[in-house]
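Undergrad: Residue numbers (the working numbering): 20 to 387.
Below, the structure written as structure tokens:
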């Protein structure tokens, strides 16, 4: 069975990339071969190496741009004309419409559109109209629909039926380990009484970093041992760094960039915070809970993300003091091994990869 994954990027600290690689690593490669088509030039070398060692192929064809639209479409057409896949599984939002339409033209029988978000931050009316047109085209050219949460599926697919595929993780990789916690804190120069707040995510409007800095600024005014660790990169990173300088927080806000050991930093921090404007179902939220962390999520994140009892959801328009009070209350929260909770709720990648295999096999039988 030959499958093509169409992804926005293949980079660390990107939820869609993490989802795809997690399943790729755990799927039965004797039965299923997955290749990757990446639509922007962000490819992590470690991911690339793993894919190539598994004898899968990695293609980079950047998404169509306005100035070179017809030439870019021609490149995509040529790609599908000269390859042969049983299934195309698109993870690139509205732009999936282009790939699904061309895949249908070249007789790929199974065309899956996968929703990873429950909203978007677009305000421009022309772009909103464009998205609606692309959505209509994608819905017409896909013949199967998948989502990471009920909220994400209902947002993108209207009344159509869809299959839920959990954002599963390597639970062994994230379970709480006090030895790793102490090693990271020692290496970073964090003392036992330092209060470490963590966030993982790209620097994009969706992740709401400005609000996060506002929250931390007020936490720091109450607790000078507080530190904020930001893991990830993105187009708004420089702007957030300037905001941190403006508030004189350079010594207390730590920009780690993209790192290979997010799991170890989740051991080291004390509270995880995700004040996103919207999410499908944040895989990093599952990872944080797998590390036994208390988590504070915005109420724009689906309650489906709550696996353990250590989660609190706060409205974005609630007084900021509620966010601050909640963070400080969780400062001394005890950690425990939550691995069984993660597995029981369907987020262990070994179990979920087998379910995905069965899903693909069922689709193939339907199309014979």
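Built from N, CA and C at the ideal position, the CB exists for glycine as well.
This one's a predicted model, so the numbers in the text were calculated from it and none came from an experiment.
Mark residue 253 as exposed unless 16 or more other C-beta atoms lie within 10 angstroms of its C-beta, in which case mark it buried.
TA: The residue you call residue 253 lines up with position 234 of the chain shown. With 16 or more Cβ atoms within 10 Å of its Cβ, residue 253 is classed as buried.
Undergrad: Taking 8 Å as the cut-off, decide whether the C-beta atoms of residue 23 and residue 39 are in contact.
TA: Position 4 of the chain shown, counting from 1, holds the residue named residue 23. Position 20 of the chain shown, counting from 1, holds the residue named residue 39. No, Cβ-Cβ distance for residue 23 and residue 39 is not below 8 Å.
Undergrad: Which first and last residues belong to the alpha helix (DSSP H) in which residue 386 is found?
TA: Sequence index remark: in the chain shown, residue 386 carries index 367 (1-based). Looking at the DSSP string, the run of the alpha helix (DSSP H) that includes residue 386 is 368 to 386.
Undergrad: Taking all protein chains shown into account, do 16 or more other C-beta atoms lie within 10 angstroms of the C-beta of residue 316, making it buried, or fewer, making it exposed?
TA: Taking the first residue of the chain shown as 1, we reach residue 316 at position 297. Result: buried.
Undergrad: Just curious, the beta strand (DSSP E) that residue 134 is in, first and last residue?
TA: As a working note, residue 134 is residue 115 in the chain shown. Per DSSP, residue 134 belongs to the beta strand (DSSP E) from 129 to 134.
Undergrad: Report the start-end ranges of each beta strand (DSSP E) in the stretch 297 to 357 that is 3 residues or longer and not cut off at the edges.
TA: Counting only runs of 3 or more, we get 314 to 317, 330 to 333.
Undergrad: Among 95, 104, 193, which one has its Cα closest to the Cα of residue 114?
TA: Working through the chain shown from its first residue, we reach residue 114 at position 95. Ranking 95, 104, 193 by Cα distance to residue 114 puts 95 first.
Undergrad: Where does residue 245 sit, in a helix, a strand or coil, going by DSSP?
TA: Reading the chain shown from its first residue, position 226 is the one you call residue 245. Three-state result, residue 245: strand.
Undergrad: Would you tell me roughly how many angstroms separate the C-alpha atoms of residue 320 and residue 90, rounded to the nearest one?
TA: As a working mapping, residue 320 is identified with position 301 in the chain shown. As a working mapping, residue 90 is identified with position 71 in the chain shown. Cα-Cα distance, rounded: 39 Å.
Undergrad: Going by CA-CA distance only, name the one from 345, 344, 197, 255 that's closest to residue 223.
TA: Within the chain shown, numbered from 1, the residue matching residue 223 stands at position 204. Nearest C-alpha to residue 223: 255.
Undergrad: Going by the DSSP bridge assignment, what does residue 153 pair with across the sheet?
TA: Residue 153 sits at position 134 when you count from the first residue of the chain shown. Residue 153 pairs with nothing; no bridge assigned.
Undergrad: Look at residue 299 and residue 314 and say whether their C-beta atoms are less than 8 Å apart.
TA: As a working note, residue 299 is residue 280 in the chain shown. As a working note, residue 314 is residue 295 in the chain shown. In this structure, residue 314 does not lie closer than 8 Å to residue 299 by Cβ.
Undergrad: Looking at residue 296 and residue 216, is the spacing between their C-beta atoms short of 8 Å?
TA: On the chain shown, position 197 is the one that residue 216 refers to. On the chain shown, position 277 is the one that residue 296 refers to. No, the pair does not count as a contact, with Cβ atoms beyond the cut-off.
Undergrad: Measure from the alpha carbon of residue 4 to the alpha carbon of each residue in 275, 350, 60, 383, then state which is nearest.
TA: Residue 4 falls outside the range modelled here, since the chain spans only 20 to 387, and no answer is possible.
Undergrad: If you run the structure through DSSP and keep just helix, strand and coil, what is residue 166?
TA: The sequence position of residue 166 within the chain shown is 147, counting from 1. Strand, per DSSP.
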